[in-house]
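> Just so we're aligned, residue -4 is where the sequence shown starts under the working numbering, counting upward by one.
Each residue gets a CB set at the ideal place from its N, CA and C atoms; glycine is no exception.
Just so it is clear, the structure is predicted and the values come from calculations on it, not from any experiment.
Take this structure, written in structure tokens, and hold onto it; I'll ask about it next.
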Amino acid sequence: MRGLRVVAWAAVKRRLKFRTFVVHNFMDAADVAPAWVLMEQGVASEDLTLKATQERLGACMHTMSHPQTGKLVPAYVQHSVLDAGENI
């Protein structure tokens, strides 16, 4: 209960600050390409590694527009599949 009072008091005094922490857990580019191809076809992989990669790609909140097509894709796909040469 004390914690709630501390938060309420900080809000009243306008000293309450919110912070967001983002943790990146990178995927292997070798898994992203086949997982993305299957996702584009609407197929869920039977392979557990690819299935996990598909789930992570589906949950990716960072999208980018491909310069040539304008299509929005997960940032992981953009960097590791579509523009892989940019990362060398």
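To which residues of the same chain is THR48 closer than 7 Å at the C-beta, ignoring the five residues directly before and after it?
The count along the sequence shown starts at 1 and reaches residue 48 at position 53. Here the set comprises MET22, ASP26, VAL27 and ALA30.
> CB-CB under 7 Å to ARG51, same chain, minus the five flanking residues each way: which ones, in chain order?
Indexing the sequence shown from 1 puts residue 51 at position 56. Once the five neighbours on either side are set aside, the close Cβ partners of ARG51 are MET22.
> Write down every uninterrupted run of the alpha helix (DSSP H) in the stretch 36 to 81 whose length is 4 residues or greater and which is fully enclosed by it, in chain order.
43 to 54
> Please report the straight-line C-alpha distance between PHE13 and VAL2, rounded to a whole angstrom.
Locating residue 13 in the sequence shown gives position 18, counting from the first residue. Locating residue 2 in the sequence shown gives position 7, counting from the first residue. Going from the Cα of PHE13 to the Cα of VAL2 covers about 11 Å.
> Exposed or buried, which one is PRO62 when buried takes at least 16 other CB atoms within 10 Å?
On the sequence shown, position 67 is the one that residue 62 refers to. When all chains shown are included, PRO62 counts as exposed.
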